[in-house]
Ligand code: TMP
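Residue numbers (this note's numbering): 17 to 302.
This is the structure in structure tokens:
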């Protein structure tokens, strides 16, 4: 965590150089619709079910697509064929109450595969990775929600990911009651979209929310807490603001490059992304 924050603090220098080159020197190829992206940035979207995070991830993806910026939009648990199979098992209502450590091992199995097969290769190609949930969800749901020891989660995280952290995490925050009203609506139940965790009571979701907020307070450099209790447009504006240093002004895609927009140093992730002992290059399992 500390490593990620340190790297973040050091990030602007090379990013500005890249920015200058891409804006002012003809030989440097420019993306189709914009020239100021420095890519290879790992952004996660976190929050309670019903917080709107997935909707806003899709909007950011649309903005990137409109600017011709390469990106991967993905999710956890899942994001690979193996991970999606784990996801189906994880969310299956047939199991009823599942032990928190069983859940922990399932989500980290999916996560390691996801890093190896999807996330790290996309970053290596220089793409922006937009990921719906990551390890902060495990700390919030299995740790604070289920009561799994946080030290144990750290140990499994070490084995599975080498304690990989995103560069930026947007936490979509709203009271548990409001999130449940959106995420577990009668409409959704009618469509049969209700999964195993939807059966949890309000107290569980209050603990999960508190867990997310505690994580955000512990790592203010990485997190941006976004109030998602209001109208979607207000939340979208807050998202643009929260990503402006990493991705430029997402609200001005047709206005051209803006003075002051800056990107992230391209090299900074390589040092921060070891997959731990046995990690190896993408596709190899330790
Ligand atoms: P989703 O509906 O946002 O895709 O997430 C599926 C459910 O999985 C959601 O209720 C949160 C839960 N979950 C965990 O409990 N632990 C985790 O580590 C992750 C990634 C998700």
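We put the CB at the ideal spot given by N, CA and C, even for glycine. The structure displayed is predicted, hence computed values, not measured ones.
In chain order, what residues of the same chain have a beta carbon less than 6 Å from the beta carbon of residue 124, not counting five sequence neighbours either side? 172, 176
Quiz item: If you draw a straight line from the alpha carbon of residue 142 to that of residue 86, how long is it in whole angstroms?
Solution: 8 Å
*Measuring CA to CA, which of 192, 135, 99 is closest to residue 223?*
192
Inset, instruction - Confirm, please, whether the CB-CB distance from residue 244 to residue 188 is below 7 Å. - result: yes
*asked:* Could you check whether the Cβ of residue 92 sits closer than 6 Å to any heavy atom belonging to the ligand TMP?
replied: yes
Open item on the list: Check whether the region 136-152 and the region 85-99 touch, using three or more Cβ-Cβ pairs below 8 Å as the test.
Closed with: yes
Q.
Comparing C-alpha positions only, which one of 127, 195, 78, 255 sits nearest to residue 181?
A. 127
**OP:** Compare the C-alpha of residue 121 against each of 133, 136, 159 and name the closest.
**Re:** 159
Measure the beta-carbon distance from residue 229 to residue 107 and round it to whole angstroms, keeping in mind my assumption that it falls under 8 Å. Incorrect: roughly 24 Å between the Cβ atoms, too far for contact.
Measuring only the C-alpha atoms, how far is residue 64 from residue 56? 27 Å
Q: For residue 255, name the three-state secondary structure that DSSP assigns.
A: helix
Quiz item: Quick one: what's got a C-beta closer than 6 Å to residue 186's C-beta in the same chain, skipping five residues either side?
Solution: 61, 240, 242, 258
Classification of residue 256 by the beta-carbon crowding that lies within 10 angstroms, buried from 16 upward | buried
Closest residue to residue 236 among 136, 183, 89 (Cα-Cα distance): 183
| residue 184: first and last residue of the uninterrupted beta strand (DSSP E) it sits in | 184-189
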